[in-house]
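K.L.:
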Amino acid sequence: MKFAVLADIHGNSDALKAVFADMDALGLTDAVNLGDHFSGPLDAHGTAELLMSRDFPSIRGNHDRWLIEKTPEDMGPSDRVAYDQLRPEHLDWLRTLSPTLTVFEDVFLCHGTPASDLAYWLERVEDDGTIRASTRAEIEAEAQGIDASLILCAHTHVPRVVRLTDGRVVLNPGSVGCPGYDDDHPVYHEMQTGTPNASYAIAEQKHAGWLITFRSVPYDPRGMVALAKAQNRPEWARAVGTGWVSA
1 MKFAVLADIH GNSDALKAVF ADMDALGLTD AVNLGDHFSG PLDAHGTAEL LMSRDFPSIR
61 GNHDRWLIEK TPEDMGPSDR VAYDQLRPEH LDWLRTLSPT LTVFEDVFLC HGTPASDLAY
121 WLERVEDDGT IRASTRAEIE AEAQGIDASL ILCAHTHVPR VVRLTDGRVV LNPGSVGCPG
181 YDDDHPVYHE MQTGTPNASY AIAEQKHAGW LITFRSVPYD PRGMVALAKA QNRPEWARAV
241 GTGWVSA
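With UniProt numbering applied, the sequence shown covers 1 to 247.
So this is what it looks like as structure tokens:
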């Protein structure tokens, strides 16, 4: 079994095209998608058309949930731009997605943690906004009751893999389309990878366990940067163009 793991595309259709081209070059046809597909001041419509044409097993993230639960007037600016671009069939597709999913009999998908699409799993935010790696005890506490040898999560946009005491593997593939962002929940903090490349992962089940390969795919982000600037979102333009939030 071998498949790609995608997450946090956030409407970046050019990054998604680069990932698909990389997968095609590798002969990789199977994939799963961990949510937050569209939200952002970029190209939600184009992203939706690309994703729905491939029809990978997918789950919804927190921004996907807000796109179908909130009224447009109550949405944040990134969700509202995406909502205005999406067609009814795109929103109907989001409504079919569950918050978690088990695929290939032994692979569990969630966006944040199994219990929450808003919680970070492999990282923690300190009271002063500092980001640290979660401890093994913190990670394993969230994994209780998950009967799968490979557990997939997203939401932080940071690629990372952790092996639990019992041999299960927790994998975050990073973000296809949004390599940096800031957030004020639970306190203000910044997540940034330092590269504009599109990130995804490949998982392959071997006799000795899961072989994980991280892919960092270069592409030209200038089109997406221009879209962010057109929406008066300089922070998005900087993050998509450089991978950094802070100057």
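Idealized CB from N, CA, C, for every residue including glycine. Please read all numbers here as calculations on a predicted model, not as lab measurements.
(1) Quick check: the stretch 14 to 28 against the stretch 132 to 141, are at least 3 beta-carbon pairs closer than 8 Å?
(2) Per DSSP, what are the beta-bridge partners of residue 131 in this structure?
(3) What would DSSP say about residue 46, mapped onto helix, strand or coil?
(4) I need the DSSP call for residue 202, collapsed to helix, strand or coil.
(5) Specify the secondary structure class of residue 98 as computed by DSSP and reduced to three states.
(6) Nearest-angstrom Cα distance between residue 182 and residue 188?
(7) The beta strand (DSSP E) that contains residue 163, what's its start and end?
(8) Answer yes or no: do residue 221 and residue 196 have a C-beta to C-beta separation smaller than 7 Å?
(9) My understanding is that residue 35 touches residue 90, with C-beta atoms under 8 Å, so please give their C-beta distance in whole angstroms.
(10) Taking the Cβ atom as the reference point for each residue, do residue 64 and residue 94 lie within a distance shorter than 7 Å?
(11) What is the rounded straight-line gap between the Cα of residue 213 and the Cα of residue 246?
(12) What's the call for residue 193, buried or exposed, on a 16-neighbour Cβ count within 10 Å?
(13) Which one of 92, 77, 51 and 85 has the shortest CA to CA distance from residue 68?
(14) Decide if residue 136 is buried, meaning its Cβ has at least 16 other Cβ atoms within 10 Å, or exposed.
(15) From residue 1 to residue 51, what distance separates their C-alpha atoms?
(16) Is it right to say residue 98 is buried, meaning 16 or more other beta carbons lie within 10 angstroms of its own, or is it exposed?
(17) By the 10 Å Cβ neighbour count, where 16 or more other Cβ atoms means buried, how is residue 230 classified, buried or exposed?
(18) Among 108, 216, 124 and 155, which has the Cα closest to the Cα of residue 149?
(19) Put residue 190 into one of helix, strand or coil per three-state DSSP.
(20) When the Cα atoms are used, what is the spatial distance from residue 209 to residue 30?
(21) Residue 236 lies in the alpha helix (DSSP H); which residues open and close that run?
(22) Measure the alpha-carbon distance for residue 38 versus residue 166 and round it to whole angstroms.
P.N.:
Per the coordinate set shown:
(1) no
(2) Reading the sequence shown from its first residue, position 131 is the one you call residue 131. Residue 131 pairs with 125.
(3) Sequence index remark: in the sequence shown, residue 46 carries index 46 (1-based). DSSP places residue 46 in helix when its eight states are reduced to three.
(4) Stepping through the sequence shown from its first residue, residue 202 is reached at position 202. It is a strand residue.
(5) On the sequence shown, position 98 is the one that residue 98 refers to. Looking at residue 98 - three-state DSSP - the assignment turns out to be coil, as it is neither helix nor strand.
(6) As a first step, residue 182 must be located in the sequence shown, where it is residue number 182. As a first step, residue 188 must be located in the sequence shown, where it is residue number 188. If you take the alpha carbons of residue 182 and residue 188, they lie about 7 Å apart.
(7) Start at 1 with the first residue of the sequence shown, and residue 163 comes out as number 163. Unbroken beta strand (DSSP E) run through residue 163: 160 to 163.
(8) What you label residue 221 is simply residue 221 of the sequence shown in a count that begins at 1. What you label residue 196 is simply residue 196 of the sequence shown in a count that begins at 1. Their beta carbons are under 7 Å apart, which means residue 221 touches residue 196 by this criterion.
(9) Numbered from 1 along the sequence shown, position 35 holds the residue referred to as residue 35. Numbered from 1 along the sequence shown, position 90 holds the residue referred to as residue 90. With a Cβ gap of about 14 Å, residue 35 and residue 90 do not count as contacting.
(10) Along the sequence shown, one-based indexing puts residue 64 at 64. Along the sequence shown, one-based indexing puts residue 94 at 94. Yes, these two residues count as a Cβ contact at 7 Å.
(11) Position 213 of the sequence shown, counting from 1, holds the residue named residue 213. Position 246 of the sequence shown, counting from 1, holds the residue named residue 246. Each residue's alpha carbon lies about 28 Å from the other.
(12) Counting from one through the sequence shown, the residue named residue 193 turns up at place 193. Buried is the call here.
(13) In the sequence shown, residue 68 corresponds to position 68, counting from 1. Among 92, 77, 51 and 85, the Cα nearest to that of residue 68 belongs to 92.
(14) Counted from its first residue, the sequence shown places residue 136 at position 136. Exposed is the call here.
(15) Translated into the one-based positions of the sequence shown, residue 1 becomes position 1. Translated into the one-based positions of the sequence shown, residue 51 becomes position 51. If I take the Cα positions, the gap works out to 22 Å.
(16) For the purposes of this step, residue 98 is taken as residue 98 along the sequence shown, with counting starting at 1. So residue 98 ends up on the exposed side.
(17) As a working mapping, residue 230 is identified with position 230 in the sequence shown. Exposed, by the Cβ-count rule.
(18) Indexing the sequence shown from 1 puts residue 149 at position 149. Comparing Cα positions, the closest option is 108.
(19) By one-based count along the sequence shown, residue 190 stands at place 190. Three-state result, residue 190: strand.
(20) Within the sequence shown, the letter at position 209 stands for residue 209. Within the sequence shown, the letter at position 30 stands for residue 30. Looking at the two C-alpha atoms, the distance is approximately 19 Å.
(21) Position 236 of the sequence shown, counted from the first residue, corresponds to residue 236. Counting along the chain, the alpha helix (DSSP H) containing residue 236 begins and ends at 234 to 242.
(22) By 1-based counting over the sequence shown, the position of residue 38 is 38. By 1-based counting over the sequence shown, the position of residue 166 is 166. Answer to the nearest angstrom: the Cα atoms are 35 Å apart.
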